[in-house]
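Visitor: Numbering follows this note's numbering, with no gaps: position 53 of the sequence shown is 42.
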Amino acid sequence: MKPLRQQNRQVISYVPRVEPAPPDHALKVEGFRDVWQLRGKYVAFVLIGEHFRRSPTFTVPESAQRWAMQIRQDEEVEE
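1. Are His40 and Leu27 closer than 9 angstroms when you measure CB to CB?
2. On the DSSP bridge assignment, give the partners of Phe41 in chain order.
3. What residues in its chain sit with their C-beta under 7 angstroms from that of Pro50, if we drop five residues either side in the sequence?
4. Would you mind reading off the limits of the alpha helix (DSSP H) that contains Gln26?
5. Locate the alpha helix (DSSP H) running through Ile1, then write down its first and last residues.
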């Protein structure tokens, strides 16, 4: 049986973008703390220090909020 991926190939991981603020054209999603709608997809922006971290795009807002909560936990951001 063939291996699923090449053994020596590096695994690519997502590095969150750093933004000064959510863009003006993004729409805040009601009922979610960190989720914004951007071009029909859902994105989370989490304030860490003086900058916002932007999540990858998600198709459902619950996933974006889960990502934001995980980042808060990893970075130990105060509520």
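We treat Cβ as the ideally placed atom computed from N, Cα and C, and that holds for glycine. Because the structure is a prediction, the values reported are computed rather than measured.
Guide: So, from the listed chains and residues:
1. no
2. Glu8, Leu36
3. Val18, Phe21, Val24, Tyr31
4. That residue, Gln26, is in no alpha helix (DSSP H); its beta strand (DSSP E) goes 24 to 27.
5. It is not in any alpha helix (DSSP H) - Ile1 carries neither H nor E in the DSSP assignment.
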